[in-house]
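K.L.:
This is the structure, below, for whatever I ask next.
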Amino acid sequence: MKLTTYLSSLLFLVSLLVMCSYSTEKDLDRKVIHPSLIYADDDTTLLGTFSFDGYKTAPYFCESLREEVKTLLDQKDKKGRYIRRKKNGQKYNLYEDELRIYTTIDPQLQAHAEAALKKHLATNLQPAFSKNNQTVKRFPFADTYNGRKVTDETIENIMRRARKSSDRYVNLKTNGYSESEIEKSFDVPVRMQLFSWKGEVDTVLTPNDSIRYAKNMIRAGLISIEPASGEVKAWVGGIDYDHFKFDHVRQGKRQIGSLIRPFTYATAFSMGVVEPCTKLSPEQYCMDPCDPSGERWCPSGTPSKTVKEGFVISSGGGTTISVMSKMGACEGPQNIADLFQKMNITIPEMQIVPSICLGTPDMSLIEITSACSIFPNGGTYVTPRTIRRIEDKHGNVIYESVKESKKVLNEIFAHDVLQLMKSTTRSGTSTSLRWHEEWGGITYPTASYAGTTQGNADMWFVGITPDLVTGIWTGGEDKQVRFRSMLWGQGARASLPIYGYYMQSVYADSSLAISTSGWDAPLNYPSERFDCNSTK
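Okay, so the sequence shown: first residue is 15 according to my numbering, each after it adds one.
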């Protein structure tokens, strides 16, 4: 069969299946399988089922949950028996045994989170990004990334990976077509449906053009965690699960940029090398190497005189590097890495160098958000949880989660960092939460931090209240698809507004009873630690 004939036949078959509302998988689901049920934290709201198309709400969360539950059901004891097993000794089947999984997701917070993300991306960010890419020669890829030219070879490698991960490629490969035939098929126009914020678009495009169209869509993720319990309350892994399955909450790992600063300061406070009101001089901008045979490190070759004298709490990039210089090129990076390791986040050895203070490590959104929970928690890390309990179809509990926590930071230093993060909302990069006419009006106590990586590729924001620690990431699917300026290409403009819209709805929802108070300082907390009237 010729490739064009096969493609036409395949397209006809898909159309026929849609017209007849028939699918062998769905039919099997209705007649044979008794899938497990997924409930929200109120024990009554059904999020969906573990079936072929059973996710009604929070689909990215449910898919991540599926993997988590499968892992639990696969666990065995020392004798090789399934820890969670039926009376006959067999393990439970996620798709046949009608298990009931009671999760930590709050359906109202989830709805508010999804609406906030959609509002900002559809109204502000995607239009700005599409305009940003109108003049690029190789749409949607930028001409440069991190000061280097994006080569044609790099773009072709990105496109090739996208082709090979597509259903089209897999189907053609399975049916015996050669690589060259498959490559040619991606330049043959076909009818397809594309995602848009105004609804699906029916059109005719080549598959290669559809890949470029999809890569022009800004991606985003959001997670809200209750810091005291570690329970995940909202999880938005992407912009549309039907079109983009990749989960930017757990699967995606990107450089965290400026979000590492709170942890750098926390480590420096713990080491005793600085306090919040320690005065830093510009001469400390460069660092001597850990290895005596190495070269002195000055970020991007910037002369030290460009950094103004200031206190630790001024929290600028030069300030962070000055703090790192006091921590030492050897001990400082290692202690930062050790702090993350205590929170089950491993930083590769090659990244445990002074430049770690610039946020070079890659982390997932759930990792960095749960790590930020130590600051309102008085230095205690609580492992994030998504499941409360699992019952069999008769109501017998076969699994119940327990809170896992450990002290990783002195409560005095945790409160120091929390105070520093509160100052960014009052007078730093997060002030638009207070005054902006669209996403502002958030007047209740909020600690926050925004982060942006090199080349405006990754844009982060973390907002903290006593009840919720919320992390947000926005960016392109590939780092070479990026904003070319800081107008929208920064955490305070790309990600912060999602938090603003989200918290507007959360505070307006009286049924949630979200706290509007602040945080109490630890007992015996020295009030003068943030009084910088005198030089230290």
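Yeah, the Cβ is synthetic: ideal placement off N, Cα and C, and Gly gets one too.
Small disclaimer: the values here were computed from a predicted structure and weren't measured.
Take Thr71 and list the residues in its own chain whose beta-carbon comes closer than 6 angstroms to its own, dropping the five residues that flank it on each side.
P.N.:
Excluding positions up to five away in sequence, the list reads Leu61.
K.L.:
Tell me whether Met357 sits in a helix, a strand or coil according to DSSP, three-state version.
P.N.:
coil
K.L.:
What residue from Asp492, Glu414 and Trp311 has the CA that sits closest to Thr158's CA?
P.N.:
Asp492
K.L.:
Between His262 and chain C, is any beta-carbon pair separated by less than 8 angstroms?
P.N.:
The structure shown has no chain C; it contains just one protein chain.
K.L.:
If you drop the 5 nearest sequence neighbours on each side, which residues of the same chain put their C-beta closer than 6 angstroms to that of Pro241?
P.N.:
Ser387, Pro390, Asn391 and Val483
K.L.:
Ala471: buried (16+ other C-beta within 10 angstroms of its C-beta) or exposed?
P.N.:
buried
K.L.:
In terms of residue numbering, what span does the beta strand (DSSP E) encompassing Met206 cover?
P.N.:
Val204 to Leu208
K.L.:
Find the nearest neighbour of Asp4 within the set Thr281, Gly103, Gly342 and Ser284, judged by alpha-carbon distance.
P.N.:
Residue 4 lies beyond the range of the chain shown here (15 to 550); nothing can be said about it.
K.L.:
Please report the straight-line C-alpha distance between Tyr395 and Lys421, rounded to a whole angstrom.
P.N.:
Inter-residue distance for Tyr395 and Lys421 is about 6 angstroms (C-alpha atoms, whole angstroms).
K.L.:
If we require 4 or more residues per run, which alpha helix (DSSP H) segments fall completely within the stretch 73-132?
P.N.:
Fully enclosed alpha helix (DSSP H) runs of 4 or longer: 73-88.
K.L.:
Taking all protein chains shown into account, do 16 or more other C-beta atoms lie within 10 angstroms of the C-beta of Ser295, making it buried, or fewer, making it exposed?
P.N.:
exposed
K.L.:
From the DSSP output, which residues share a beta bridge with Lys420?
P.N.:
Tyr395
K.L.:
If Phe497 sits next to Gly503, beta carbons under 8 angstroms apart, how far is it from one beta carbon to the other, in whole angstroms?
P.N.:
3 angstroms
K.L.:
Does Lys267 come out as helix, strand or coil in the three-state DSSP assignment?
P.N.:
strand
K.L.:
Got a sec? Which residues, its chain only, sit under 7 angstroms from Lys417 by beta carbon, not counting five neighbours each side?
P.N.:
Listed in chain order, the non-local C-beta contacts of Lys417 below 7 angstroms within the same chain comprise Ser243, Gly244 and Val396, local neighbours out to five positions each way being set aside.
K.L.:
How far does the alpha helix (DSSP H) with Met377 in it extend, from its first residue to its last?
P.N.:
That residue, Met377, is in no alpha helix (DSSP H); its beta strand (DSSP E) goes Asp376 to Ser378.
K.L.:
Please check the pair Pro221 and Arg182, which I expect to be a contact at CB under 8 angstroms, by giving their CB distance rounded to whole angstroms.
P.N.:
6 angstroms
K.L.:
Taking Asp223 as part of the beta strand (DSSP E), name the residues at either end of that continuous run.
P.N.:
No beta strand (DSSP E) contains Asp223, which is instead part of the alpha helix (DSSP H) from Pro221 to Lys229.
K.L.:
Assuming Ala351 and Ile366 form a contact by the criterion Cβ under 8 angstroms, report the distance between their Cβ atoms to the nearest whole angstrom.
P.N.:
5 angstroms
K.L.:
By a C-beta neighbour count over all protein chains shown, 10 Å radius and 16 as the cutoff for buried, is Gly251 buried or exposed?
P.N.:
buried
K.L.:
Within a Cβ cutoff of 7 angstroms, which residues of the same chain sit near Ser529, ignoring the five residues on either side of it in sequence?
P.N.:
For Ser529, where only same-chain residues beyond five positions count, the Cβ hits under 7 angstroms are Thr479, Pro480 and Asp481.
K.L.:
In terms of alpha-carbon separation, which member of Ala125, Tyr74 and Lys93 lies closest to Lys259?
P.N.:
Measuring from the Cα of Lys259, the nearest candidate turns out to be Tyr74.
K.L.:
Is the stretch 332-340 in contact with the stretch 368-376, if contact means three or more CB pairs nearer than 8 angstroms?
P.N.:
With contact defined as three or more Cβ pairs closer than 8 angstroms, the stretch 332-340 and the stretch 368-376 are in contact.
K.L.:
Would you tell me roughly how many angstroms separate the C-alpha atoms of Ala280 and Glu363, rounded to the nearest one?
P.N.:
21 angstroms
K.L.:
Any idea which residues DSSP pairs Gly477 with across the strands?
P.N.:
Per DSSP, the beta bridge partners of Gly477 are Ser462 and Thr484.
K.L.:
So, Leu273 versus Trp474, is the Cβ gap smaller than 8 angstroms?
P.N.:
Closer than 8 angstroms, so yes.
K.L.:
Which word fits Pro398, buried or exposed, when buried means at least 16 other C-beta atoms lie within 10 angstroms of its C-beta?
P.N.:
buried
K.L.:
Using a Cβ-Cβ cut-off of 6 angstroms (strictly less than) and excluding sequence neighbours within five positions of Tyr69, which residues of its own chain qualify?
P.N.:
Gly62 and Cys76
K.L.:
Excluding five sequence neighbours on each side, which residues of the same chain lie with their C-beta closer than 7 angstroms to the C-beta of Thr217?
P.N.:
Met206 and Leu208
K.L.:
What is the DSSP secondary structure of Ile350, counted as helix, strand or coil?
P.N.:
helix
K.L.:
By Cβ distance below 7 angstroms, which residues in the same chain neighbour Ser224 in space, the five residues on each side in sequence not counted?
P.N.:
Met206 and Leu208
K.L.:
Counting C-beta neighbours from all protein chains within 10 Å, is the total for Asn538 16 or more, i.e. buried, or is it exposed?
P.N.:
exposed
K.L.:
CB Arg177 to CB Phe200, shorter than 8 angstroms?
P.N.:
Yes, the Cβ-Cβ distance between Arg177 and Phe200 is below 8 angstroms.
K.L.:
Would you check if the distance between the CB atom of Arg80 and the CB atom of Leu113 is smaller than 8 angstroms?
P.N.:
no
K.L.:
Suppose the cutoff is 7 angstroms on Cβ atoms and the five residues either side in sequence are ignored; what does the same chain contact list for Ser144 look like?
P.N.:
Asn230
K.L.:
Per DSSP, which residues does Tyr69 bridge with? Please list them.
P.N.:
Gly62
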